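Residue 7 in full-length UniProt numbering is what sits at position 7 of the sequence shown, and the numbering runs on without skipping anything.
From the three backbone atoms N, C-alpha and C, an ideal C-beta is built for every residue, glycine too.
The structure presented is a predicted model; accordingly, all values stated were derived computationally and were not measured.
Everything on this sheet refers to the single structure shown next.
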Amino acid sequence: MNSFEDLEVWKHCRLYRIAIRETLKTFPREEKYLLIDQLARCSRSVTANIAEGHGRFHYADNLKFCRNARGSLNETLDHLICANDENIITTEKLNELRTSYENCFRLLNGYIAYLKTRLDQSKG
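See the structure below:
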């Protein structure tokens with residue numbers, strides 16, 4: 001594996017980010033500097049942290065950035081829940097995005113577990 005673009009977790013998180021971006025186009029204008037900005041930044045942070053961690057070429061550093069990505073992934077879901085609570089997105093849309101979130105979360109946790117194993121083996 002040469003690039004973060006080869007990582008399945010990054011690929012899925014990228015698709016999640018794109019789906020969120022498309023959803024943001026339906027938000028009311030008054031949310032531009034509120035939920036739209038927050039959701040755009042935290043969803044971008046997920047893939048950015050995975051990419052940055054991969055570029056560190058050290059398991060411990062990569063783990064740190066993947067944990068940051070997991071935090072941003074959770075933040076994204078929280079903002080989507082908020083959007084649903086405020087009737088900006090439907091429960092159906094929230095559930096659709098939640099399914100993608102759960103897939104990304106599972107893959108990210110798997111990648112984190114892999115990195116922890118590799119880190120432990122390198123200390124051997």
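Counting along the chain, the unbroken alpha helix (DSSP H) around E96 starts and ends at T91 to K123. CA-to-CA, the gap between N95 and N62 works out to about 30 Å. With fewer than 16 neighbouring CB atoms inside 10 Å of its own CB, F57 falls in the exposed class. In this structure, the beta-carbon distance from N68 to G55 does not fall below 9 Å.
Taking a cut-off of 8 Å for Cβ pairs, the stretch 24 to 32 and the stretch 67 to 82 do not touch, as fewer than three such pairs fall below it. The beta carbon of A51 sits closer than 6 Å to those of F4, all from its chain and outside the five residues before and after it, given in chain order.
Pairing Y111 with Y16 gives a Cβ-Cβ distance that is not under 9 Å. Comparing alpha carbon positions, the residue from R21, R70, L34 and T117 closest to N109 is R70.
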